[in-house]
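Its first residue numbered 269, the sequence shown is counted upward by one per residue in our numbering. No residue lacks a Cβ here, since even glycine has one placed at the ideal position from N, Cα and C. First comes the structure, then the notes that go with it.
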Amino acid sequence: MVDADQTFVIVGGGLAGAKAAETLRAEGFTGRVILICDERDHPYERPPLSKGYLLGKEERDSVFVHEPAWYARHDVELHLGQTVDAIDPAAKTVRFGDDGTLVRYDKLLLATGAEPRRLDIPGTDLTGVHHLRRLAHAERLKGVLGALGRDNGHLVIAGAGWIGLEVAAAARGYGAEVTVIEPGPTPLHGALGPELGNVFAELHREHGVRFHFGVRLTEIVGQDGLVLAARTDDGEEHPAHDVLAAIGAAPRIALAEAAGLEIADRAHGGGIVVDERLRTSDPDIYAAGDVASFPLALFDSRIRVEHWANALNGGPAAARAMLGKDVVYDRMPYFFTDQYDLGMEYSGWAPPGSYDQVVIRGDAGKREFIAFWVKEGRVLAGMNVNVWDVTETVQNLIRSRAQVDTEALADPHVSLESLVP
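Given below as structure tokens:
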């Protein structure tokens, strides 16, 4: 079968899906490319939703992956505001949820992403309870933060992960009062551990954020549909005009599960199981981005990564694999954050329990340093904070799997490049 006779369908109109469509055309595929997005906005990138756009530093149009005319110009059939409610792998069809239309595919890419986890407590139906995942969420939250700042209002954030902290920084930028409720002992405890979590706690405290650790929200109190306060399981009541639920995200696997595709267990992220080519248990169905659980030989594990770089690189890799090209997707996990005057890049993978020490190079007190998570002398991950142009070297050090002298690793007078074999 020649390209022109084939139909490639992409379900999910985020960064991974849009970049996959772009790559198919860039690689010379001449068949039908159908991109199905359940939002009415054109495909966009998510980092600005909690960073530049939310802060008012970036325009709305800057978030889009391509200008709207790009899709027609490249003969990509874009279906906005459409859902897929079923996949039939045997018939090789997807079914639209609104009218039941069936579309046959030769290859299918699932780039369905993730969705915010919901608070399961009384009061979540109040007007002032928010999530942040979509552009519409960010637009609404941006207006809320501005109003809170003008009126000296209070925002309570459930969760001290990346989204919770970035929104806290944005809210303080608008002048809102901010309280963060976190069941762990520090911010980012699962991602960074206590050593580095405390760095972020102090950063936010310096900017007026109040933290309550070791507690959970139990109720959002309201009247006439409006939020008045948030209660925690230690018996305290915190003033609130709005509440943001930032307690993580869950991969959107319902379509894949119903289609009988293999799903990873919770220990491996719970996403759609794919091989090194991003191919699922069905040879004609692929998955990429937040929803994919892929093998990473460097860490002898299977992981699921919810960050921007994984969507940016995973979508094109899946597209090339769909075209039959020799693909091994082994991109190292990478993410970044900007909070107040702190900028950070993180490379690698060091979940709790996987490392035996954290080595600091530089001055953590001044927030100009590189942190390394080390296991038996081998660097598993590195995070550069307000130190730039070192990401490639850090990643090379991780990939080398070499044992390093931790004293030299901590010494800023020793060239980092010299530690890479």
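D343 counts as exposed, since fewer than 16 other beta carbons sit within 10 angstroms of its beta carbon. In the structure shown, E445 adopts extended strand secondary structure according to DSSP, grouped into three states. Under the three-state reduction of DSSP, M600 is assigned to coil, being neither helix nor strand. For E525, same chain residues with a beta-carbon under 6 Å away, outside a window of 5 residues either side, are I531 in chain order. Here the region 357 to 376 lies against the region 543 to 556, with 3 or more beta-carbon pairs under 8 Å apart.
In its chain, beyond the 5 residues on either side, P451 and P453 have a beta carbon closer than 7 Å to the beta carbon of G482.
Around the C-beta of R341, fewer than 16 other C-beta atoms lie within 10 Å, and the residue is accordingly described as exposed.
The count of Cβ pairs closer than 8 Å, one atom from the region 555 to 572 and one from the region 527 to 541, reaches three, so the stretches are in contact. Pairing R328 with D393, the inter-Cα distance amounts to about 28 Å.
Beyond the five residues adjoining it in sequence on each side, V412 comes within less than 6 Å, by CB distance, of D510 in the same chain, given in chain order. Contact between A436 and V559 is absent: CB atoms are separated by about 27 Å, not below the 8 Å threshold. When DSSP states are grouped into helix, strand and coil, G417 belongs to the helix group. For T351 against G365, the beta-carbon gap comes to about 4 Å, under 8 Å, which counts as contact. For the pair of segments examined, the region 639 to 654 was found to touch the region 667 to 677: the number of CB pairs separated by less than 8 Å reaches three.
For the set S318, W641, R372 and H334, the Cα lying nearest the Cα of I302 is the one of R372. Distances from the CA of I488 to each of T395, V541 and L323 were compared; the closest alpha carbon is that of T395. With three or more CB-CB distances shorter than 8 Å, the region 351 to 361 counts as touching the region 512 to 528. Comparing C-alpha distances from R386 to each of I425, T447, H506 and N466 shows the shortest one belongs to I425.
DSSP, reduced to helix, strand and coil, places R372 within a strand of the structure shown. Secondary structure note for L494: its beta strand (DSSP E) is the uninterrupted segment L494 to T500. A distance of 8 Å or more separates the beta carbons of V658 and N664.
P453 carries a coil assignment under DSSP once its states are collapsed to helix, strand and coil. Fully contained in the region 381 to 441 are the following beta strand (DSSP E) runs of length 3 or more, in chain order: 382 to 384 and 422 to 426.
Per DSSP, reduced to three states, the secondary structure at I666 is helical. Pairing S615 with M600 gives a Cβ-Cβ distance under 8 Å. When rounded, the separation of the alpha-carbon atoms in A272 and L591 is 13 Å.
For the options A513, R635, Y602 and E574, the alpha carbon positioned closest to that of H405 is the one of A513. Taking Q607 as the centre and dropping the five residues before and after it, the same chain places the C-beta of L433, E434, A437 and L471 closer than 7 Å to its C-beta, in chain order. Taking 8 Å as the upper bound for CB-CB distance, L409 and L400 are in contact here, some 6 Å apart. For H480 against T447, the beta-carbon gap comes to about 7 Å, under 8 Å, which counts as contact. Around L464, the same chain offers A639 as residues with beta carbons nearer than 6 Å, after the five sequence neighbours per side are excluded. By DSSP's assignment, N652 forms a beta bridge with E613 and I638.
The shortest CA-to-CA distance from D419 to any of F297, L370, A439 and F603 is the one to A439. With respect to P315, G282 sits apart: the two C-beta atoms are not nearer than 8 Å.
Sorting P390, G324, L403 and L292 by C-alpha distance to the C-alpha of F332 places L403 at the top.
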